[in-house]
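Per our numbering: the sequence shown ends with 295, consecutive numbering throughout.
Here the structure is laid out as structure tokens; the discussion comes afterwards.
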Amino acid sequence: METTSNERNKLVKLRLDQLLVARGLVMSRTQAQALIMAGEVSADGRILDKPGLMVDENLDFHLKTQPKYVSRAGDKLASVAEALKLDFASKIVLDVGSSTGGFTDYSLQNGAAKVYCVDVGTGQLAYKLRQDERAIVMEQTDIRVAKLPELADMAVMDVSFISLEKVLLPTAALIQPGAPIIAMAKPQFEAGKPLADKYRGVIPEGDERDEVLATLRSWMRQYFEIIDEHDSSVTGMEGNRERFFKLVAK
């Protein structure tokens, strides 16, 4: 039987990012949005790059690659893991700013025994990780007042709307002496407000970004040994190039 025009108008439509989540292809809308904006989703040979695009719930679309981690943060950490000689095997990890859990997911997939997931927000950690007994959820918790039942063997850090200068020392107090902190610096949150506003939050690569990182590096050297540092090969959602630092407290 043919579908009438009225019936067609009643077909259920969803946002494209919601459809990816509903199909179980991604863990969160944030992850869906990242894939869509990266040009990973197409239908009828046309790339669909707008997360808010309203589409038929039965849309036949193609996803170029299946995400390996619950968020792009996992891909960012993976992009520097070899260069920074990261070893998560059997480690107790402290994830500062866990959010959806990209760093946590990477840590567990690479052998971590346990991850303490600390975040000031709530309800963000991916369901997959909430169901994993190795992920200890510590929501609505500021790292500056957090307490752990044990010292972690290492820490990973991905924080927003705050400088690393505010959270690195409290983090160092929660891990073993000599243990590494893998901190991802976001230039837009390390820069002063005038510079961040000038570029609307996306600090381009160049002298000004270099100066922001140099200022942060100078502060770090007062309290930490910088073992190594590398840029992520995966950019942030808005295009910022983030820098990973491997640090050990002095």
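For each residue, glycine too, the CB sits at the ideal point set by N, CA and C.
Check: Closest residue to D276 among D89, S116, L122 and A197 (Cα-Cα distance); Outcome: L122
Check: R189 beta carbon near the ligand ATP (any heavy atom closer than 7 angstroms); Outcome: With respect to the ligand ATP, the structure offers nothing, as it holds no ligand at all.
Check: Pair within 8 angstroms by beta-carbon distance, I226 and A217; Outcome: yes
Check: N103 burial status per 10 Å Cβ neighbour count (16 or more: buried); Outcome: exposed
Check: Cβ-based burial, P194 [other Cβ within 10 Å; buried from 16]; Outcome: exposed
Check: Limits of the unbroken alpha helix (DSSP H) element including A217; Outcome: L213 to A217
Check: Given M138 as reference, the closest of K95, A118, L196 and S116 once Cα atoms are compared; Outcome: In the sequence on display, residue 138 carries Val and not Met. That would be L196, whose Cα lies nearest to the Cα of V138.
Check: Counterpart residues of F269 in DSSP-defined beta bridges; Outcome: A294
Check: Length of the line joining the Cα atoms of L80 and L70; Outcome: 11 angstroms
Check: Straight-line gap, E256 to P232 (C-alpha atoms, nearest Å); Outcome: 10 angstroms
Check: CA-to-CA distance, D140 to M202, given in whole angstroms; Outcome: 6 angstroms
Check: Beta-carbon proximity list for R53, same chain, < 8 angstroms, skipping 5 on both sides; Outcome: With a pLDDT of only 48 at R53, under 50, the local geometry of the prediction cannot be trusted, and the value read off the model is given with reservation. Nothing meets the Cβ criterion.
Check: Through-space distance from L261 to E210, alpha-carbon basis; Outcome: 8 angstroms
Check: Buried or exposed by the 16-neighbour rule on C-beta atoms within 10 Å, applied to V125; Outcome: buried
Check: Simplified DSSP state of E102, which is helix, strand or coil; Outcome: coil
Check: Inside the stretch 108–195 only - alpha helix (DSSP H) runs reaching at least 4 residues; Outcome: 117–126, 147–154 and 172–175
Check: DSSP-derived helix/strand/coil call for F289; Outcome: strand
Check: Contacting residues, own chain, Cβ-Cβ under 7 angstroms from R74 (five flanking each side not counted); Outcome: D62, Q63 and V66
Check: Bounding residues of the beta strand (DSSP E) (the contiguous stretch that carries P232); Outcome: Taken as a continuous stretch (DSSP letters only), P232 belongs to no beta strand (DSSP E), being part of the alpha helix (DSSP H) at P232 to E235.
Check: DSSP beta-bridge partners of S87; Outcome: I92 and H107
Check: Whole-angstrom distance between K113 and H107, CA atom to CA atom; Outcome: 17 angstroms
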